[in-house]
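What follows is a single structure, written as structure tokens, with notes after it.
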Amino acid sequence: MSGQKIRRGGKSVRKAAAAQNKSRQVRAARARTGSAIDSLMAVQPFSEGQLHRIFLAMILGAAAVLLWMVASFAGLPAMAREQMVQLSHQSGFELHNVNVRGTNHLNELKVYQIALADRDRAMPFIDLHAVRGRLMELSWVEDARVSRQLPDTLVIDVVERKPVAVLAKPNRLVLIDMTGRELEPVSAERAKGKLVLSGPGAGKQVKTLVALLDAAPALKPQIKGAEWVGNRRWNLSFKTGQMLALPEGEQDSAKALTTFAQLDGRNRLLGGKAVAFDMRATDRIYFRMPSRVDSTEQASAAPRPSASPAASAAAKPAEKDKN
Numbered sequence: 006m007s008g009q010k011i012r013r014g015g016k017s018v019r020k021a022a023a024a025q026n027k028s029r030q031v032r033a034a035r036a037r038t039g040s041a042i043d044s045l046m047a048v049q050p051f052s053e054g055q056l057h058r059i060f061l062a063m064i065l066g067a068a069a070v071l072l073w074m075v076a077s078f079a080g081l082p083a084m085a086r087e088q089m090v091q092l093s094h095q096s097g098f099e100l101h102n103v104n105v106r107g108t109n110h111l112n113e114l115k116v117y118q119i120a121l122a123d124r125d126r127a128m129p130f131i132d133l134h135a136v137r138g139r140l141m142e143l144s145w146v147e148d149a150r151v152s153r154q155l156p157d158t159l160v161i162d163v164v165e166r167k168p169v170a171v172l173a174k175p176n177r178l179v180l181i182d183m184t185g186r187e188l189e190p191v192s193a194e195r196a197k198g199k200l201v202l203s204g205p206g207a208g209k210q211v212k213t214l215v216a217l218l219d220a221a222p223a224l225k226p227q228i229k230g231a232e233w234v235g236n237r238r239w240n241l242s243f244k245t246g247q248m249l250a251l252p253e254g255e256q257d258s259a260k261a262l263t264t265f266a267q268l269d270g271r272n273r274l275l276g277g278k279a280v281a282f283d284m285r286a287t288d289r290i291y292f293r294m295p296s297r298v299d300s301t302e303q304a305s306a307a308p309r310p311s312a313s314p315a316a317s318a319a320a321k322p323a324e325k326d327k328n
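This is the structure:
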């Protein structure tokens with residue numbers, strides 16, 4: 006016999022068929038994946054080169070963040086900030102001037118004190134938001150805007166609150182705005198000619214009072230004060246020294262004031278003999294007459310008309326004000 010070698014362990018027909026089948030499956034899967042990727046690349050709005058640049062920018066950004074974190078632990082940002090501050094001062098970028106605009110009643114000295122609190126800081130590092138926050142704490146400031154005007158000026162635009170009345174407190178007079186916010190104390194001399202409010206809780210009723218007086222604009226110039234009584238209604242005092250008691254409720258009080266304006270227009274009640282008028286009753290108006298020396302106070306009462314003056318009057322004792 007010749008020296009021919011017999012190789013054992015070769016692939017059987019079944020194994021070879023299985024290998025070929027697996028190879029076909031891998032090629033089919035690669036074809037499907039490639040087709041899906043190609044479809045996705047066709048739909049997205051970026052080219053392949055743009056995608057490479059986007060991925061590169063993301064990688065570089067992540068690296069920059071990592072370097073910044075490492076530098077922060079090493080204290081380098083604080084050193085760089087200090088160097089920048091010194092450079093800003095040397096270049097003239099430091100606070101020297103403050104330009105305040107929009108003030109009328111507000112004491113500008115308070116604004117300068119707030120703004121110049123940061124005068125030792127370089128202009129790029131002044132916290133504008135913090136400056137505005139301190140300005141908003143001032144009683145007169147309704148709004149404020151703070152901006153830089155390089156190299157050395159801070160510009161402050163102020164919107165002031167509008168005073169609408171004077172609130173009489175137990176020991177002082179205070180200007181207030183439409184919301185009842187106290188603006189500043191005033192003297193009795195400065196309070197002259199302004200509407201004076203009194204009574205517990207009167208400051209919170211300013212909007213209600215303004216709306217009430219708008220119901221009778223002809224009377225507004227004649228009213229010098231308003232007392233909030235029992236936390237539910239108003240007593241109005243006129244420049245003539247006379248007083249008008251109004252009923253409770255916004256609608257009822259507005260209706261009563263309108264009726265009184267009509268009666269005054271026809272009969273000139275203001276400046277007349279009556280010292281007070283009581284319109285708390287729904288159908289009558291009471292006139293309180295001046296009391297005689299050591300005599301009982303007298304009053305006259307007449308039906309309250311809706312459109313015409315009283316045609317008749319009936320005498321009736323005056324009722325005391327029970328709020």
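If you read the sequence shown in the working numbering, its first letter stands for residue 6, the second for the next number, and so on.
Even for Gly, the Cβ is constructed at its ideal location relative to N, Cα and C.
CB contact flag (residue i, residue j, <8 Å)
i	j	result
L342	R126	The requested residue 342 is not part of the displayed model; the chain covers only 6 to 328.
V103	V163	no
K278	P252	no
I181	A170	yes
L214	W239	yes
R285	A250	yes
G276	E232	no
S242	L188	no
Residue i in three-state terms, based on DSSP
i	result
P295	coil
G230	strand
I131	coil
A207	helix
R139	helix
K225	helix
M248	strand
D334	Because the chain is modelled from 6 through 328, residue 334 falls outside the range shown and cannot be assessed.
M63	helix
R289	strand
Where the alpha helix (DSSP H) containing residue i begins and where it ends
i	result
N272	E255 to N272
E194	A193 to A196
V116	E113 to A120
Residue from the options whose Cα sits closest to the Cα of residue i
i	options	result
K167	V211, H134, A173 and S203	V211
K115	H134, M141 and T213	M141
A223	F265, A173 and S258	F265
K260	R139, V280, T108 and L218	L218
A173	A220, V280, G270 and K197	K197
G333	G208, G107, F243 and Q118	Coverage of the chain is limited to positions 6 through 328, which leaves residue 333 absent and any answer about it impossible.
F282	T263, F130, Q247 and S258	Q247
Q267	F130, A221, I228 and R139	A221
G107	T263, A67, V179 and A149	A149
N272	S258, G254, R139 and F292	F292
N- and C-terminal bounds of the beta strand (DSSP E) containing residue i
i	result
L159	T158 to E165
K212	First-last for K212: V211 to D219, but that is the alpha helix (DSSP H), not the beta strand (DSSP E).
Q154	V146 to Q154
V280	Premise fails: V280 is in no beta strand (DSSP E) and is neither H nor E.
K174	P168 to K174
R106	N102 to R106
L200	From DSSP, L200 is part of no beta strand (DSSP E); its letter is neither H nor E.
N240	R238 to F243
D182	R177 to D182
Straight-line gap, residue i to residue j (C-alpha atoms, nearest Å)
i	j	result
A120	N112	13 Å
L92	S152	Residue confidence for L92 is low, a pLDDT of 47 falling below 50, so the modelled location carries little weight and cannot support an answer.
T245	G235	25 Å
E165	P175	27 Å
P226	L159	43 Å
V201	D288	29 Å
V146	L155	25 Å
A216	D157	47 Å
G206	R237	10 Å
K229	G270	19 Å
M63	A122	42 Å
S192	H110	15 Å
H134	M128	14 Å
L5	Q118	The requested residue 5 does not occur in the structure, where the chain is confined to residues 6 to 328.
D132	P190	32 Å
I1	L262	Shown here, the chain extends from 6 to 328; a query on residue 1 therefore has no answer.
A334	R139	Past the edges of the chain, shown from 6 to 328, lies residue 334, and the structure says nothing about it.
M183	K199	14 Å
S258	V280	20 Å
E255	F130	53 Å
Residue-chain proximity (residue i, chain D), Cβ-Cβ < 8 Å
i	result
E99	The structure shown has no chain D; it contains just one protein chain.
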